[in-house]
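S.K.: I have a structure here, written as structure tokens, and I will follow up with some questions on it.
Chains as they are written, first to last, in this note's numbering: chain D, 1 to 399; chain H, 1001 to 1192.
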């Protein structure tokens, strides 16, 4: 039988370290792992430049087809198994839909149908215009949004909505009119969206977030927006026009900077994480004078406790809080009950945890939303902490 | 799941299945070395790629359950070896290549397997560490690993001798700093 595989791996590690740090490989003691012949063979190979040259030549060849090979492999494994599973579900669902549809048709055939509308709204990204009408945005669309005078103010380019257009096209003719015009963008669970405001400020909206903003900012006035949920702001610097994010009863005032605000109604805290520049936090019922501000420095997070209405500041790893902008979820020493809230938003599912002990357990983990399914993630947690779960449609129960 | 520093203890002897992400990481980490390893048996890189592909499909379809990171790797290398030997002994291959019985017998030994395994894994770890260096450092270190002297590197890359020395210093400082961590990380990627 084979000798201890782990030992050989350890040896490879030692060899690699020695080579990289210019040590003498031939001085190493390998008597535990190798016999004389093997040792001589390995040492000779490692010392031969031709061994490394040949290897790098072959490696280049494999590297070139690596991505293609993965695609091929994925098609016959991961995708295939998911597809097959999906296929069955769709078939069963189709049968049910068929039966339900017939029943509906025969029993309540001419009943006015309006119950579905709200559920459709829930699932799509929507833009509420100044006249109160709600437009559904599809990620593959390219659309124009015009003001009451027919002038284009916003341009949708796939998953981005851009308001800089109106700003550059003309001077100050409509300033007074458009100053009071607001749009409201709502991103449902399971989706994200990008926004460029008229001053060039970029906002990335996380799942389950809505942001209300003026179609154009007026010169000389504060730039104010209103949000609920979580968003990453990269604010265009304007010395004389502070940018203010209002959320719940917290105001966040900045000049030009990058920061993330997380303010979901179901969370006990509103978190503001600063990457660059400086921001001031204040209770919105108070006047925005200097004394009431809590000033954040880059790399710090301001935690607003909604119930106690106070702010505490602590140093954080900002990459954890911005990971979502790159489609990743990072949990660092986070309680399971808080993790499932985030998972529910990302995957647009509802998760009920019936295991109180598990809820208090802390985890540290990273997931990639584009690669891992909700089930992959549950399996990962399950492996660390034995629990049971079942999935029924969009409802996940954990025991 | 790729844990940063998991506060939970791993339960002894818990087995686990690969998630899609772990499968991708497994492929990214070992695809090249497995192909080169297989090539040591078959001496035909295209055929080696096919064998490795086949093994990866098997890993997924069987939903093979692994006990630890070592069993995953050990499974992959062993499966590639066995499949390679099967290919070598197949009639079709025999008619194409004239391998002596002794040559095949020597490849069947544990010694051959272990030596090639150690060589591949060593080279992989070296490559991975060098790949983390900034571009200029990387070029210099790669040449240095190929046995180039400082002067020859300077000539090859058309830079001054002092630049080579300075860059090497930076490279080794970086390597020393991250090596322990890096290699430890690579090793723990499959330990939840």
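Cβ atoms here follow ideal geometry from the backbone N, Cα and C, with glycine treated the same way.
In or out: residue 357 of chain D buried (at least 16 other Cβ within 10 Å) or exposed?
M.R.: For the purposes of this step, residue 357 of chain D is taken as the residue at position 357 of the first chain. It counts as exposed.
S.K.: List the endpoints of the continuous beta strand (DSSP E) containing residue 302 of chain D.
M.R.: Residue 302 of chain D sits at position 302 when you count from the first residue of the first chain. Looking at the DSSP string, the run of the beta strand (DSSP E) that includes residue 302 of chain D is 300-305.
S.K.: Please name the residue in D:237, D:29, D:160, D:393 whose C-alpha comes closest to that of residue 196 of chain D.
M.R.: By one-based count along the first chain, residue 196 of chain D stands at place 196. Of D:237, D:29, D:160, D:393, the residue nearest in Cα terms is D:160.
S.K.: If you measure from the beta carbon of residue 269 of chain D to each beta carbon in chain H, is any gap under 8 Å?
M.R.: Looking up residue 269 of chain D in the first chain gives position 269. Closer than 8 Å: no.
S.K.: Flag this pair as yes or no: are the beta carbons of residue 266 of chain D and residue 298 of chain D separated by less than 8 Å?
M.R.: The sequence position of residue 266 of chain D within the first chain is 266, counting from 1. The sequence position of residue 298 of chain D within the first chain is 298, counting from 1. Taking 8 Å as the Cβ cut-off, residue 266 of chain D and residue 298 of chain D do not qualify as a contacting pair.
S.K.: Measuring CB atoms only, is the stretch 40-59 of chain D touching the stretch 8-27 of chain D, in the sense that at least three cross pairs come out at less than 8 Å?
M.R.: Yes: at least three Cβ pairs fall under 8 Å.
S.K.: Counting along the chain, where does the beta strand (DSSP E) carrying residue 210 of chain D start and finish?
M.R.: Here residue 210 of chain D refers to the residue found at position 210 when the first chain is read from its first residue. Run containing residue 210 of chain D: 209-214, per the beta strand (DSSP E) assignment.
S.K.: Which residues in chain H have a C-beta closer than 7 Å to the C-beta of residue 388 of chain D? List them in chain order.
M.R.: As a working note, residue 388 of chain D is residue 388 in the first chain. Within chain H, no residue comes near residue 388 of chain D; the closest Cβ sits about 15 Å away, beyond 7 Å.
S.K.: Using the rule of at least 16 other Cβ atoms within 10 Å of the residue's Cβ for burial, across every protein chain shown, is residue 102 of chain D buried or exposed?
M.R.: Your numbering for residue 102 of chain D matches position 102 in the first chain. Low local confidence applies: a pLDDT of 41 at residue 102 of chain D is under 50, so the model's placement there is unreliable, with the coordinate-based value given in what follows. That one is exposed.
S.K.: Please report the residue range of the alpha helix (DSSP H) in which residue 384 of chain D lies.
M.R.: Within the first chain, numbered from 1, the residue matching residue 384 of chain D stands at position 384. 374-384 is the extent of the alpha helix (DSSP H) around residue 384 of chain D.
S.K.: What do you reckon, are the CB atoms on residue 153 of chain D and residue 145 of chain D nearer than 8 Å?
M.R.: By one-based count along the first chain, residue 153 of chain D stands at place 153. By one-based count along the first chain, residue 145 of chain D stands at place 145. Contact flag set, yes.
S.K.: Below 6 Å CB to CB, which residues in the same chain sit around residue 148 of chain D once its five sequence neighbours on both sides are set aside?
M.R.: Indexing the first chain from 1 puts residue 148 of chain D at position 148. The answer is none, since no qualifying residue turns up.
S.K.: Taking only beta-carbon positions, decide if residue 1140 of chain H is within less than 8 Å of chain D.
M.R.: Locating residue 1140 of chain H in the second chain gives position 140, counting from the first residue. No, no contact with chain D.
S.K.: Okay, do the stretch 234-246 of chain D and the stretch 360-370 of chain D touch, 3+ Cβ pairs below 8 Å being the bar?
M.R.: Segments in contact, no.
S.K.: Closest Cβ-Cβ distance between residue 304 of chain D and chain H: below 8 Å?
M.R.: Taking the first residue of the first chain as 1, we reach residue 304 of chain D at position 304. Cβ-Cβ to chain H under 8 Å: no for residue 304 of chain D.
S.K.: Find out if the Cβ-Cβ distance for the pair residue 187 of chain D, residue 232 of chain D is shorter than 8 Å.
M.R.: The count along the first chain starts at 1 and reaches residue 187 of chain D at position 187. The count along the first chain starts at 1 and reaches residue 232 of chain D at position 232. Not in contact: residue 187 of chain D and residue 232 of chain D (Cβ atoms no closer than 8 Å).
S.K.: Can you tell me which of the three DSSP states residue 1055 of chain H falls into?
M.R.: Numbered from 1 along the second chain, position 55 holds the residue referred to as residue 1055 of chain H. Note: residue 1055 of chain H maps to helix in three-state DSSP.
S.K.: For residue 206 of chain D, count neighbouring C-beta atoms within 10 Å of its own C-beta (all shown protein chains included) and say buried if the count is 16 or more, exposed if not.
M.R.: Counted from its first residue, the first chain places residue 206 of chain D at position 206. When all chains shown are included, residue 206 of chain D counts as buried.
S.K.: Residue 75 of chain D: buried (16+ other C-beta within 10 angstroms of its C-beta) or exposed?
M.R.: Here residue 75 of chain D refers to the residue found at position 75 of the first chain. Answer is exposed; the Cβ neighbour count stays below 16.
S.K.: My guess is that residue 11 of chain D and residue 1126 of chain H are in contact by the Cβ rule of under 8 Å, so how many angstroms apart are they, rounded?
M.R.: Walking along the first chain from the start, residue 11 of chain D turns up at place 11. Walking along the second chain from the start, residue 1126 of chain H turns up at place 126. Contact flag wrong, Cβ pair sits at about 14 Å.
S.K.: With distance defined between alpha-carbon atoms, name the residue in D:389, D:304, D:294 nearest to residue 352 of chain D.
M.R.: Within the first chain, the letter at position 352 stands for residue 352 of chain D. Residue D:389 is the option with its Cα nearest to residue 352 of chain D.
S.K.: I want to verify the contact list: residues of chain H whose CB lies under 9 Å from the CB of residue 45 of chain D, in sequence order.
M.R.: Your numbering for residue 45 of chain D matches position 45 in the first chain. Those within 9 Å of residue 45 of chain D in chain H are 1115, 1119.
S.K.: Opposite residue 310 of chain D in the DSSP bridges: which residues?
M.R.: Counting from one through the first chain, the residue named residue 310 of chain D turns up at place 310. Note: residue 310 of chain D sits in a beta bridge opposite D:305.
S.K.: Would you grab the beta carbon distance between residue 137 of chain D and residue 156 of chain D for me? Rounded to a whole angstrom, and I think it's under 8 Å.
M.R.: On the first chain, residue 137 of chain D is found 137 positions in, with the first residue counted as 1. On the first chain, residue 156 of chain D is found 156 positions in, with the first residue counted as 1. Right, their Cβ atoms sit about 6 Å apart.
S.K.: Quick one, are the C-beta atoms of residue 1081 of chain H and residue 1104 of chain H less than 8 Å apart?
M.R.: Translated into positions along the second chain, residue 1081 of chain H becomes position 81. Translated into positions along the second chain, residue 1104 of chain H becomes position 104. Taking 8 Å as the Cβ cut-off, residue 1081 of chain H and residue 1104 of chain H do not qualify as a contacting pair.
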